[in-house]
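In our numbering, the protein residues as written are 4 to 335. Glycine included, C-beta positions come from ideal geometry on N, C-alpha and C. Note that the structure is predicted; figures quoted are calculated from it, not measured.
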Ligand code: CUA
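In structure tokens form, the structure reads like this:
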């Protein structure tokens with residue numbers, strides 16, 4: 004029954020050849036995390052270009068190696084040769100040996116040359132008076148949130164606002180009592196570690212309004228997965244108006260900084276409504292009504308696992324949080 008013998012062979016060929024192609028096709032069609040996200044900043048575009056260029060060579064090598072493998076399996080199979088008989092012996096092939104020495108050298112030169120050509124676009128931070136202007140923001144990684152500070156002193160948590168078309172220079176670091184985190188907004192450029200005592204510099208220039216999401220990319224503890232970050236790119240006038248208004252509101256103590264700080268620094272462990280989770284419930288807890296007690300815990304860390312989440316906060320951020328706790332959880 005020849006058909007019964009053929010069927011396993013056919014299904015093997017199918018799974019070896021067709022299935023991976025189908026999977027690759029569907030994956031590429033909706034990205035599925037295999038290809039880089041669409042670049043929305045020149046430095047991210049440079050990184051994607053380098054990725055595409057390298058992929059051409061690795062893809063070609065993959066097809067060459069796997070294609071040869073399949074070809075040789077079929078072509079040089081044993082056939083009717085006796086099981087203990089050697090196959091044809093081959094000794095040296097100068098042309099082939101030259102080719103597989105020279106080709107990799109040329110490939111590495113092509114890859115290296117392209118990357119070095121792209122590097123300035125990726126790495127060089129535009130000067131302070133470059134077209135589009137420049138906003139310098141400090142980015143500090145804490146367990147488990149991001150604290151941003153603008154040149155005028157405005158503080159923001161987890162959401163970094165930026166002007167569309169404006170250059171934003173980032174000084175990425177972490178306080179000396181922290182662990183290492185990693186700043187990464189894929190659509191806006193590369194990944195930079197936030198290391199205590201080290202300042203890493205990066206930049207971006209968002210080309211369209213929108214919210215660009217990212218995730219702390221260094222395993223930093225129990226709530227690492229909750230350490231999300233986003234950049235909201237706003238039209239220039241809207242950004243300028245926000246920064247000015249936020250500055251006024253934060254000085255007057257009327258901003259949303261307290262709510263933002265609670266959502267970023269507290270809620271990931273204590274629940275957004277203080278219902279408790281990894282950390283104890285805060286709603287109906289008398290301690291949160293006592294600003295001095297809150298500050299002591301926040302600056303020094305809690306009795307159990309709680310890190311000193313705000314050991315080095317400026318007073319305005321501490322006051323914003325304690326005021327929010329009084330209003331948010333009081334009298335309910
Ligand atoms: Cu911070 Cu992971």
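- Taking 6 Å as the cut-off, one finds no heavy atom of the ligand CUA near enough to the beta carbon of residue 321.
- Going by C-alpha positions, residue 258 is about 19 Å away from residue 298.
- Of the residues assessed, residue 130 falls on the exposed side of the cut-off, its CB having fewer than 16 other CB atoms within 10 angstroms.
- In this structure, 167 is the residue among 213, 279, 304 and 167 with its C-alpha nearest to the C-alpha of residue 238.
- If you measure from each CB to the nearest heavy atom of the ligand CUA, the residues under 6 Å come out as 144, 147, 184, 219, 221, 222, 223, 227 and 230.
- When the alpha-carbon of residue 109 is set against those of 125, 60, 66 and 67, the nearest one is in 60.
- Looking at the backbone, the Cα of residue 206 and that of residue 150 are separated by about 17 Å.
- Beta-carbon to beta-carbon, residue 43 and residue 211 are separated by about 6 Å, close enough to satisfy the 8 Å threshold.
- Residue pairing by DSSP puts residue 158 in a beta bridge opposite 152.
- Between residue 224 and the set 58, 182 and 293, the nearest pair of CA atoms involves 182.
- At the C-beta level, residue 147 and residue 329 stay beyond 7 Å of one another.
- The C-alpha of residue 236 is placed about 5 Å away from the C-alpha of residue 213.
- A contact between stretches requires three or more CB pairs, one per stretch, nearer than 8 Å, and the stretch 281-301 fails this requirement with the stretch 239-256.
- If only complete runs of 3 or more residues are kept, the stretch 41-95 shows no beta strand (DSSP E) anywhere.
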